[in-house]
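Notes follow once the structure below has been shown.
In structure tokens form, the structure reads like this:
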């Protein structure tokens, strides 16, 4: 692992979005030689949408860049002013606030929240992380069929669940409809 220097610290946190903590550029955008958006260009908008004053932020503590997703949030708020979007923006700020720390020479990269977050993938807080492992989730191990008058349900359960279902059905069998109660209900309906 690299030594934790001030230049490395600044380089790593400048690749993170000032508002959400995600990466400012994707790998594809880096290959296309795109540049990240500067917070200074969106100063008023960031204050409106995220309630963050960029000009008062410490350049040694906060990133100077913002990601495309947060720029889209800003444009949505400017166009439509949805309350849900504003709340989402505020939640992003609250959840990413802990990663912005000043450089400390006596800490390792693994002890620095900004550097650790960048190295771990820099996923934005509050965004969904999809399953990228291409694996199928664990499926139930046994299929059982439960007969109920006039309908048959196929229920997939594990062995442990089967015993609890059987116990439930045996203790609550009086609550299940019988042919007599169904006939009585038909007579009452007519």
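Numbering (the numbering used here), first residue to last: 51 to 240.
From the three backbone atoms N, C-alpha and C, an ideal C-beta is built for every residue, glycine too.
Quick caveat: nothing in here was measured; it's all calculated off a predicted structure.
Remark: C-beta atoms of residue 146 and residue 89 do not approach each other more closely than 7 Å.
Note that the segment 120 to 139 does not touch the segment 54 to 65; fewer than 3 beta-carbon pairs, one per stretch, sit closer than 8 Å. Exclusion of the five residues before and after residue 140 leaves no residue of its chain whose Cβ lies closer than 6 Å to its Cβ. 95 is the residue among 95, 75, 73 whose C-alpha sits nearest the C-alpha of residue 125. Residue pairing of residue 88 in beta bridges, as defined by DSSP: 115. Note on the segment 118 to 145: whole alpha helix (DSSP H) runs with a minimum of 4 residues are 118 to 130, in chain order.
Taking a C-beta distance under 7 Å as the contact criterion, residue 68 and residue 116 qualify as a contact pair. C-alpha of residue 75 to C-alpha of residue 63: approximately 12 Å in a straight line.
Assignment of residue 75 by DSSP, reduced to helix, strand and coil, places it in the coil class. Taking each of 93, 86, 137, 65 in turn and checking the Cα distance to residue 106, the smallest one comes out for 93. Under the DSSP assignment, residue 98 falls in the alpha helix (DSSP H) whose first and last residues are 93 to 100.
Counting other Cβ atoms within 10 Å of its Cβ, residue 142 reaches 16 or more and is therefore classed as buried.
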